[in-house]
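One structure is given here, and the rest of the page talks about it.
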Amino acid sequence: MGVVKNNYFREAQRITSSLKGSFAGDPNRMLELQQLEQVAEHNRIALNVINQVGADDQSLRVSFEFTHHPHFAIAVVKRS
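Heads up: the sequence shown is residues 1 to 80, going by the UniProt record's numbering.
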């Protein structure tokens, strides 16, 4: 059984993409949307990796970094 029931990161990507037109004239908002989109993309991929490998795999190590946004972390998945 996988971890992912609903991948809300995919939905977050859709929402940020749909908002880009509303903020096209505001470079600060566009930057924020781009950062949020990057966070959602990285976390979507990390969640898919965890789901494929299995959440109970003891060799997986998950850490969180604030490299793309100051308030929302991305998950970094590595095997030890």
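Don't be surprised by glycine CBs; every beta carbon is placed ideally from N, CA and C. This structure is a prediction, so every number in the text was calculated from the model and none was measured.
In the DSSP assignment, residue 9 falls within the unbroken alpha helix (DSSP H) covering 8 to 19. Ranking 71, 12, 69, 48 by CA distance to the CA of residue 62 puts 48 first. The closest CA to that of residue 79, considering only 67, 33, 46, 27, is found on 46. Taken through DSSP and simplified to helix, strand or coil, residue 22 comes out as helix. Boundaries of the alpha helix (DSSP H) around residue 40: 27 to 53.
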